[in-house]
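Enquirer: Per this note's numbering, the very first residue in the sequence shown carries number 216; after that it's consecutive.
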Amino acid sequence: MKKPLLWFLVLTTLALLAWGGTRAWQREQARAQALQQEMQQRQALRVRLLPSEITTVQALALPQQVPASGTLRPAQRLSIKAQAGGRVQQLQLREGQAVRAGQRLFVIAAPDAAARVQQAQQQARAAQAQLSMAQRTADNDRALAEQGFLSPTARASSAAQLQAARAQHQAALAAVEVARKGLGDTQAHSPIDGLVAARHVQPGEVVAPGQTVLEIVAPQAFEWQAEVAAADARHLAPGQRAQLWIEGGGAPWQAELERIGPATQAGSRNVAVFLRLLPPGAGGEGTGESAGEAPGQAAPDAAQGAQAGDAALLRDGLFAHGHIRTGAQQVLAVPQTAIRTERPQPYVLVLQGQRVQQRSVTLGPRALLDGQPWQAIEGVAAGTPILSGAAGLLADGTLVQIEASADAQAEAEAGAAASADALGHTSAPPGP
Numbered sequence: 216m217k218k219p220l221l222w223f224l225v226l227t228t229l230a231l232l233a234w235g236g237t238r239a240w241q242r243e244q245a246r247a248q249a250l251q252q253e254m255q256q257r258q259a260l261r262v263r264l265l266p267s268e269i270t271t272v273q274a275l276a277l278p279q280q281v282p283a284s285g286t287l288r289p290a291q292r293l294s295i296k297a298q299a300g301g302r303v304q305q306l307q308l309r310e311g312q313a314v315r316a317g318q319r320l321f322v323i324a325a326p327d328a329a330a331r332v333q334q335a336q337q338q339a340r341a342a343q344a345q346l347s348m349a350q351r352t353a354d355n356d357r358a359l360a361e362q363g364f365l366s367p368t369a370r371a372s373s374a375a376q377l378q379a380a381r382a383q384h385q386a387a388l389a390a391v392e393v394a395r396k397g398l399g400d401t402q403a404h405s406p407i408d409g410l411v412a413a414r415h416v417q418p419g420e421v422v423a424p425g426q427t428v429l430e431i432v433a434p435q436a437f438e439w440q441a442e443v444a445a446a447d448a449r450h451l452a453p454g455q456r457a458q459l460w461i462e463g464g465g466a467p468w469q470a471e472l473e474r475i476g477p478a479t480q481a482g483s484r485n486v487a488v489f490l491r492l493l494p495p496g497a498g499g500e501g502t503g504e505s506a507g508e509a510p511g512q513a514a515p516d517a518a519q520g521a522q523a524g525d526a527a528l529l530r531d532g533l534f535a536h537g538h539i540r541t542g543a544q545q546v547l548a549v550p551q552t553a554i555r556t557e558r559p560q561p562y563v564l565v566l567q568g569q570r571v572q573q574r575s576v577t578l579g580p581r582a583l584l585d586g587q588p589w590q591a592i593e594g595v596a597a598g599t600p601i602l603s604g605a606a607g608l609l610a611d612g613t614l615v616q617i618e619a620s621a622d623a624q625a626e627a628e629a630g631a632a633a634s635a636d637a638l639g640h641t642s643a644p645p646g647p
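#1: With 16 other CB atoms within 10 Å as the buried threshold, where does VAL225 fall?
#2: Using a Cβ-Cβ cutoff of less than 6 Å, which residues in the same chain neighbour ASP408 once the five nearest sequence positions on both sides are dropped?
#3: ARG302 bridges to which residues according to DSSP?
#4: If ALA403 sits next to VAL428, beta carbons under 8 Å apart, how far is it from one beta carbon to the other, in whole angstroms?
#5: Rounded to whole angstroms, what's the CA-CA distance from LEU492 to PRO600? Just pull it up for me.
#6: So if DSSP puts TRP439 in a beta bridge, which residue, or which two residues, is it bridged to?
#7: Which same chain residues end up closer than 6 Å to GLN336 when comparing Cβ atoms and leaving out the 5 residues on each side of it in sequence?
#8: Report the rounded CA-to-CA distance for GLN241 versus TRP222, giving the unit in angstroms.
#9: Between the stretch 243-251 and the stretch 457-476, are three or more C-beta pairs nearer than 8 Å?
#10: Pairs of beta-carbons, one from the stretch 317-332 and one from the stretch 354-362, closer than 8 Å: are there three or more?
#11: How about THR270 and ALA591: do their beta carbons lie closer than 8 Å?
#12: For GLN304, collect the residues of the same chain with a Cβ closer than 8 Å to its Cβ; drop the 5 residues on either side in sequence, then sort them by chain order.
#13: Since LYS296 sits in a beta bridge, which residues does DSSP pair it with?
#14: Leaving out five residues before and five after GLY612 in sequence, what residues of the same chain have Cβ atoms less than 8 Å from its Cβ?
#15: Cα-Cα, which of GLN544, GLN440, ALA313 is closest to VAL432?
#16: I'd like to check one pair, THR286 with LEU533: are the Cβ atoms closer than 8 Å?
#17: Does the stretch 294-302 come into contact with the stretch 436-447, if we say contact requires no fewer than three beta-carbon pairs (one atom in each stretch) closer than 8 Å?
#18: Are GLU442 and SER284 touching if we call contact CB-CB under 8 Å?
#19: Mapping the DSSP letters down to three states, classify PHE534 as helix, strand or coil.
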């Protein structure tokens, strides 16, 4: 009885040991499989990036710019006022119609103006007759006085009468000019070639002297009346170039700073500046803002300052915003979209190997290059790869995988096909 029990205990113990070993081995296998699956999941959780979503910190000459905004005004805007009071007649022009220099614009009805001219002319003729009579009398008295038949007093009297007649004749001629000017003031003529911007009076209305009837603008030249911050005005000087965008105009325009206001504007405390819009083809300063130009490089001479806007879009009062270029500064800069600002301290996403690292930076000046805003930064070395704004927000330490671009994949596939084709030709048996 003892031996069977002993064998039973031994076999039971061995079975338990075998079962325990099997369970331990199964647990190790399960743990290994779990680790392998976790590694596979981690590999699958890597963020895939395109080469276009990676940029580098660049050392370039960033243009220094002063932002400005304001309205467009014609370089010439004239108010045509009534020089005489009366009823407005022959006013046929309306807003938007073209006028030529010297063209009659309207007439002020003044029937007595022509009568005054005739009256003054008749008075001038009468004064001329009196002057002729006084001249003959003075000549006769002089001859008689030389022969001793006339006293010196009588001769002096005739000479005085001649001077008085001459003065009356001059006054009559001046009265004729005054009457003619009064008649001319009843007609208004355009001093320039331009367009009617506004009509303040309707035909048949009675106006007073000095009242504005029409406003005429010269559409050939416009200026940008803008405002800049008082702190930025000290960097400005006449002759500096500017780039501006007009509402509804699309492409940018080039302008040149002509005048700087001597005082700040009431309320805004900004300084008024006046810039002349440049015609198409005017030379720029090569600040890297022309289309198709690499950041920080000068634009070709043929493309510098090219006026992309359409002159037909220019209108009095249109709002425009832009910047005035005051110089350039050598800095480290990145595209504005690469700056992350959701934290109190701005940062960029630096690519270190296959991981993303958040790196805090100090922001400097900002400017447009090739139509794209660039931001000067401190805290990252030149040439450091960083993620652009297209990559989105990634946590610190995120694993990434850079995928080949479509062009690179096409080239790789073409190379593989060429290699396979060459290998097939090499391994083919020679023909009989």
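By construction, the Cβ of each residue, glycine as well, lies at the ideal position given by its N, Cα and C atoms.
Expert: With the structure as the only source:
#1: Position 10 of the sequence shown, counted from the first residue, corresponds to residue 225. Only exposed fits VAL225, as fewer than 16 other CB atoms lie within 10 angstroms of its CB.
#2: Here residue 408 is taken as the residue at index 193 of the sequence shown, counted from 1. Closer than 6 Å at the Cβ level, and outside the excluded window around ASP408, lie ARG315, ALA316.
#3: Position 87 of the sequence shown holds residue 302. The secondary-structure analysis by DSSP pairs ARG302 across a beta bridge with ALA324, VAL421.
#4: The sequence position of residue 403 within the sequence shown is 188, counting from 1. The sequence position of residue 428 within the sequence shown is 213, counting from 1. Confirmed, about 7 Å.
#5: On the sequence shown, position 277 is the one that residue 492 refers to. On the sequence shown, position 385 is the one that residue 600 refers to. Inter-residue distance for LEU492 and PRO600 is about 40 Å (C-alpha atoms, whole angstroms).
#6: Position 224 of the sequence shown holds residue 439. Answer by DSSP bridge pairing, in chain order: LEU287, LEU490.
#7: On the sequence shown, residue 336 is found 121 positions in, with the first residue counted as 1. Short of 6 Å from the beta carbon of GLN336, and not among the five residues preceding or following it, lie these beta carbons of its own chain, in chain order: VAL391.
#8: Working through the sequence shown from its first residue, we reach residue 241 at position 26. Working through the sequence shown from its first residue, we reach residue 222 at position 7. When rounded, the distance between both Cα atoms is 28 Å.
#9: Verdict: no, contact absent.
#10: Segments in contact, no.
#11: Sequence index remark: in the sequence shown, residue 270 carries index 55 (1-based). Sequence index remark: in the sequence shown, residue 591 carries index 376 (1-based). Not closer than 8 Å, so no.
#12: Here residue 304 is taken as the residue at index 89 of the sequence shown, counted from 1. Closer than 8 Å at Cβ, skipping near neighbours: PHE321, VAL322, ILE323, ALA324, PRO418, GLY419.
#13: Taking the sequence shown and counting its residues from 1, one reaches residue 296 at position 81. According to DSSP, LYS296 bridges with THR427.
#14: The residue labelled residue 612 in the question sits at position 397 within the sequence shown. Cβ neighbours of GLY612 beyond the five flanking positions: ARG570, VAL571, GLN572.
#15: Reading the sequence shown from its first residue, position 217 is the one you call residue 432. A check of alpha carbon separations from VAL432 across GLN544, GLN440, ALA313 identifies ALA313 as the nearest.
#16: Walking along the sequence shown from the start, residue 533 turns up at place 318. Walking along the sequence shown from the start, residue 286 turns up at place 71. Cβ distance < 8 Å, so LEU533 and THR286 count as in contact.
#17: No: fewer than three Cβ pairs fall under 8 Å.
#18: Stepping through the sequence shown from its first residue, residue 442 is reached at position 227. Stepping through the sequence shown from its first residue, residue 284 is reached at position 69. Yes, the pair counts as a contact, with Cβ atoms nearer than the cut-off.
#19: The count along the sequence shown starts at 1 and reaches residue 534 at position 319. In the structure shown, PHE534 sits in a strand (DSSP, three-state: E or B).
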